[in-house]
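Q:
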Amino acid sequence: MIRKYWYKVVETDPGSAEYIMNQLAAMGYEVVSTTYWTRFKTSMIITFRIEAEEDDE
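With the UniProt record's numbering applied, the sequence shown corresponds to residues 1 to 57, in that order.
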């Protein structure tokens, strides 16, 4: 069986990151990675994934 996932990438400020992670976790998403981006401003890039439903193919 091959598992398929949908991915979502979100950019946010570090102060809002926990809130966004909790909101998406309540929807069934899991955090795949987090990255700080400090080139022009300090922000976080968070990648989430959720398993695709059978009819999402």
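Backbone N, C-alpha and C define an ideal beta-carbon position, used for all residues, glycine too.
Just so it is clear, the structure is predicted and the values come from calculations on it, not from any experiment.
Relative to the C-alpha of Gly28, which candidate in Thr35, Arg39 and Phe48 has its C-alpha closest?
A: Phe48
Q: Helix, strand or coil: how does DSSP classify residue 70 here?
A: As shown, the chain starts at 1 and ends at 57. That puts residue 70 outside it, with no answer to give.
Q: Alpha carbon to alpha carbon, how far is Glu30 from Met1? Give it in angstroms, no decimals.
A: 21 angstroms
Q: Between which residues of its own chain and Tyr7 is the CB-CB distance below 6 angstroms, once the five residues before and five after are set aside?
A: Arg49
Q: So, does the CB of Met27 fall closer than 8 angstroms to a CB anywhere in chain D?
A: Here chain D cannot be found, since the structure has a single protein chain.
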